[in-house]
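**Q**
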Amino acid sequence: MSDPIRPSARRASRAVALAVAAGVACLSVSAPPAHARAAPESFADLAEGLLDAVVNISTSQSAPAADKAVPPPQLPEGSPFEEFFDEFFNKRGDGDGPKGRSRKQSSLGSGFVIDPKGVVVTNNHVIEGADEITVNFADGAKLTAEVVGRDTKTDVAVLRVKPEKPLKAVAFGDADKLRVGDWVLAIGNPFGLGGSVSAGIVSARNRNINSGPYDNFIQTDAAINRGNSGGPLFNTAGEVVGVNTAIISPSGGSIGIGFSTPSTTVKAVVDQLLNYGETRRGWIGVRIQEVSDEIAESLGVRSPNKGALIAGVNDDGPAAKGGLAAGDVLLKFDGKTIREMRDLPRIVADTPIDREVEVVVWRKGKEETLKLKVGRLEEAEPKPAALKEPAAKDEPKIGKALGLSFQSLTDDLRKSFDLKPDAKGVVITAVDDGSRAAENGVKSGDLLVEVAQEAVESPDDVTQRIDELKKDGKKTALLLLSNKQGDVRFVAVSIE
819 MSDPIRPSAR RASRAVALAV AAGVACLSVS APPAHARAAP ESFADLAEGL LDAVVNISTS
879 QSAPAADKAV PPPQLPEGSP FEEFFDEFFN KRGDGDGPKG RSRKQSSLGS GFVIDPKGVV
939 VTNNHVIEGA DEITVNFADG AKLTAEVVGR DTKTDVAVLR VKPEKPLKAV AFGDADKLRV
999 GDWVLAIGNP FGLGGSVSAG IVSARNRNIN SGPYDNFIQT DAAINRGNSG GPLFNTAGEV
1059 VGVNTAIISP SGGSIGIGFS TPSTTVKAVV DQLLNYGETR RGWIGVRIQE VSDEIAESLG
1119 VRSPNKGALI AGVNDDGPAA KGGLAAGDVL LKFDGKTIRE MRDLPRIVAD TPIDREVEVV
1179 VWRKGKEETL KLKVGRLEEA EPKPAALKEP AAKDEPKIGK ALGLSFQSLT DDLRKSFDLK
1239 PDAKGVVITA VDDGSRAAEN GVKSGDLLVE VAQEAVESPD DVTQRIDELK KDGKKTALLL
1299 LSNKQGDVRF VAVSIE
């Protein structure tokens, strides 16, 4: 028989001295910090006040039957079963038989009420593709819902139902105030069982699981399983601090790694969907990349925060009008620090359209402050135009440095590497195996546009610029590359 589960020992509220056998030594246990909260003895009162606001969401959609039909059996001519099988298999294609029917697919998820008049929040993937959406309440009531709006980038959807009486609703809290180790409560509909409560702590914040451009998940060990999607994550004050969205699990069951979209992100999206029926995000018109240690060294960035490296700028976008340029490292946006590249898209998206903001960039060894007006992100955002560089020479000059072989761009090379007619720069014809350039993904056919933020148009320009860097005591060279599609990126390569 396994050992019984022992209740957790309560935290000491004062120093405790434990006498040892000799009676002359003791062990002191210090009191917890004043701001730390002891584990609650029970979540019953909290859960009781929240369960009625959490709903189960069932959806259905019509799916066409499979096109594959079972072929009729081959019967001997004149068989007494021939007429029977002919009739059966002919019916399968007349629209009334199994082949002609569409079948219903159903799914279950969770959600929560934020307005007593009937506004419900859930995940977009819970209701995506649904023909019918039904919201099931704790008291057994079932109401048909309509979609107010949805956002695929944050996986949020807003529904509306028409109740006969006001519904129990919950309010959003401030997810930014959550600390790792804080208690949280997840309520939802795991595996279609109905309203279920699980408790845990905040395991981590600002998690990126590569599900979208604005990943900023709360990680929790509160049990989240299939069917919990769209359900709320509560703090101990009963406020919604997250929407349970994803789990990591090989089996589909909880292994203590669940993710919730922070309420700060969800609330902004919900407000826009309620007001406009769509999202209205900020946009500045830049293409960015991470600042690696090598790139930071080559640019002389001394900020403790890596920021976001601007690799390209839309000609007519807000960034270009504000004076930002490729090669700038964006460190602050509207007073908010950009600690790493992925912070920037989320911060810009949350900024009100037409607001004039200050941005701090690292440019040529020092910080500069610029101003720009935030535009609106369109779904079909134009790609940044290729940088305008001096025209390349047609002489077939050849150069070699940094593990790269390169030549002046000619018509023959354009055809050979399938480059665009307006492509500019020095074409890379070969990359040495095992070189840092190869490790950084540089390939033959890439165009070398800049070396250390200065344009190059011939192999001589490249080697001369590298020699200057060596004389200045630089250890790395920052290369601006463009591929055959015209997408540009920075790569730092050792010159030692």
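Using my numbering, the letters of the sequence shown map in sequence onto residues 819 to 1314.
By construction, the Cβ of each residue, glycine as well, lies at the ideal position given by its N, Cα and C atoms.
Just so you know, these numbers come straight off a predicted model, no measurement behind them.
1. Shortest alpha-carbon distance to glutamate 859 belongs to which of Leu926, Gln1271, Ala1017, Phe955?
2. Taking the beta strand (DSSP E) that asparagine 954 belongs to, which residues open and close that run?
3. If you count every other CB in all the chains shown that lies within 10 Å of the CB of glutamate 1176, and 16 or more means buried, which is it?
4. Which runs of the beta strand (DSSP E) fall wholly inside the segment 1218-1248 and span at least 3 residues, in chain order?
5. With a 10 Å radius around its C-beta and 16 neighbouring C-beta atoms as the bar for buried, classify tyrosine 1094 as buried or exposed.
6. On the premise that leucine 1298 lies in contact with glutamate 1268, defined as a C-beta separation below 8 Å, what is that separation, rounded to the nearest angstrom?
7. DSSP on glycine 1010, reduced to helix/strand/coil?
8. Which partner residues of asparagine 1043 appear in the DSSP bridge assignment?
9. Helix, strand or coil for leucine 869, going by three-state DSSP, please let me know.
10. Does serine 1234 pass the burial test, meaning 16 or more other C-beta atoms within 10 Å, or should it be called exposed?
11. Find out if the Cβ-Cβ distance for the pair lysine 1261, glycine 1304 is shorter than 8 Å.
12. Please state the DSSP three-state secondary structure of glutamine 1037.
13. For chain B, find out if any of its Cβ atoms is closer than 8 Å to the Cβ of lysine 1085; answer yes or no.
14. Compare the C-alpha of glycine 1221 against each of Asp1229, Thr1247, Gly1048 and name the closest.
15. Does the segment 1037-1045 come within contact of the segment 1060-1070, defined as at least 3 CB pairs closer than 8 Å?
16. To the nearest angstrom, how far is the alpha carbon of threonine 940 from that of glutamate 1286?
17. Put lysine 1292 into one of helix, strand or coil per three-state DSSP.
18. Per DSSP, what kind of secondary structure is proline 1136 in: helix, strand or coil?
19. Which same chain residues, not among the five before or five after asparagine 1034, have their C-beta less than 7 Å away from its C-beta?
20. Which residue from Asp1278, Val1280, Lys1289, Ala1270 puts its Cα closest to that of phenylalanine 1308?
21. I'd like to know if the segment 1000-1013 and the segment 1048-1059 are in contact, where contact means that at least 3 CB-CB pairs between them fall below 8 Å.
22. Whose C-beta lies closer than 8 Å to the C-beta of alanine 1310 among residues of the same chain, with five residues either side of it excluded?
23. Check this for me: beta carbons of isoleucine 945 and threonine 1054, under 8 Å apart or not?
24. What are the residues that DSSP puts in a beta bridge with valine 1020?
25. Ignore the nearest five residues each way along the sequence and tell me which others in asparagine 1158's own chain have a CB closer than 6 Å to its CB.
26. Need the endpoints of the beta strand (DSSP E) that proline 1050 sits in, please.
27. So, are the CB atoms of leucine 1188 and glycine 1140 less than 8 Å apart?
28. Per DSSP, valine 1061 forms a beta bridge with which residues?
29. Using DSSP with H/G/I as helix, E/B as strand and the rest coil, what is lysine 995?
30. Excluding sequence positions up to five away, which residues of its chain have a Cβ less than 7 Å from the Cβ of phenylalanine 993?
31. Do you know offhand how far leucine 1227's Cα is from valine 1306's?
32. CA-CA distance, arginine 1173 and valine 1192?
33. Going by C-alpha distance, which of Glu1096, Ile1075, Gly1145, Leu1092 is nearest arginine 1105?
**A** Taking the structure as given:
1. Of the residues Leu926, Gln1271, Ala1017, Phe955, the one whose Cα lies closest to the Cα of glutamate 859 is Ala1017.
2. 950-954
3. Exposed.
4. Those beta strand (DSSP E) runs which fall completely within the segment 1218-1248 and span 3+ residues are 1222-1226.
5. exposed
6. 4 Å
7. helix
8. Per DSSP, none; premise fails for asparagine 1043.
9. Shown here, leucine 869 sits in a helix according to DSSP, grouped into three states.
10. exposed
11. Contact: no.
12. strand
13. Checking the listed chains, one finds no chain B in this structure; it contains a single protein chain.
14. Comparing Cα-Cα distances from glycine 1221 to each of Asp1229, Thr1247, Gly1048, the minimum goes to Thr1247.
15. yes
16. Distance between the alpha carbons of threonine 940 and glutamate 1286 is about 58 Å.
17. coil
18. Proline 1136 falls in the helix class under three-state DSSP.
19. Asn1024, Pro1080, Thr1083, Arg1164.
20. Ala1270
21. yes
22. Ser1110, Glu1112, Ile1113, Glu1115, Ser1116, Asn1258, Thr1294, Ala1295, Leu1296, Leu1297
23. no
24. Thr1038
25. Here the sequence assigns glutamate to residue 1158, which means asparagine is not the residue at that position. So the qualifying residues of the chain are Lys1124.
26. 1050-1052
27. At the C-beta level, leucine 1188 and glycine 1140 come within 8 Å of one another.
28. Pro1050, Thr1079
29. helix
30. Looking at the sequence itself, residue 993 is alanine, so the reference to phenylalanine does not match. Result list for alanine 993: Ile1036, Val1059, Gly1060, Pro1080, Ser1081, Thr1082, in chain order.
31. 17 Å
32. 6 Å
33. Gly1145
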